[in-house]
Amino acid sequence: MNPVTKGKSPLLVVISGPSGVGKDAVIAELRDTHPEMFFAVTVTTRSIRPNEVDGKDYLFITPDRFEQLLEQEEFLEHAEVYGRHYGVPKEPLRNALRDGRDAVVKVDVQGAATIRTLAPEAFLIFLTAPSLEELERRLRARKTESEKDMLIRIQTAHEEVAQSWWFDAVIVNETNALTQTVEAIVEVIHQQRANPSRSPLTL
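Now the structure itself:
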């Protein structure tokens, strides 16, 4: 049996961390190496970026459609980040968990706090960089924001790193060490799966 799926019941795994830390790359590698897991696709009203694929990276929808889904209570969590709306649809997660698959959700720190309140049995992983200096370098290397927006993201990242203490696990995404980062995530998921004291998850 794959180490990720070993255990009594599936996990809702929340991967969070500051902008620029490498969450997308980690999720992509985890998806490639552990296809037995379910990966939630976040809905967003922001514009699609170069090389992103609608339905894979995000589900890109209009603000009106987002509001409709919100009124129907179809989001596990939702938030406004940098003027754009994001939400995690509930139903695909329920289906995956019923099938016995660990479900992975990628959200910002604000979203992780919401899930902690609504689904306290979820397993929250905080992904961080080796240093704040390295995190800023990664943010600037993306070249997707203006200098004004970049400064806001850097300040927000500093504030989010300071909140890592309330997560269930903190994993450092070392530079050029993606495989090791994913292996560390799989290991903590395996440990939590085997934890006899954890409570079953209900959504």
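So for the sequence shown, the working numbering puts the first residue at 12; every next one is plus one. For glycine and all other residues, C-beta sits at the position ideal for the given N, C-alpha and C. On a predicted model such as this, the values are computed, not experimentally measured, just so you know.
query	result
Quick one: grab the DSSP three-state call for A188.	coil
Mark H45 as exposed unless 16 or more other C-beta atoms lie within 10 angstroms of its C-beta, in which case mark it buried.	buried
Please state whether the Cβ-Cβ distance between I165 and E147 is less than 8 Å.	yes
List in chain order: all unbroken alpha helix (DSSP H) runs of 4+ residues lying wholly within the segment 59-112.	74-82, 102-109
Quick one, which of V25, P207, T73 has its alpha-carbon nearest D113's?	V25
Quick one: using the 10 Å Cβ neighbour count with 16 as the cut-off for buried, is K67 buried or exposed?	exposed
I'd like the list of long-range same chain contacts for L81, defined as Cβ closer than 8 Å, with 5 residues on each side in sequence excluded.	H89, G98
Is DSSP giving L143 helix, strand or coil here?	helix
Cα separation between N187 and R204?	28 Å
List the whole-angstrom C-beta distance separating K31 from A168, where the pair is believed to meet the contact cut-off of C-beta under 8 Å.	Checking the sequence, you will find Gly at residue 31 rather than Lys. The Cβ separation is near 7 Å, so the contact holds.
Taking just the CA atoms, how far does P207 sit from I59?	42 Å
Check each candidate in I196, E85, Q202 and name the one with the smallest Cα separation from S27.	I196
So for A180, helix, strand or coil by DSSP?	strand
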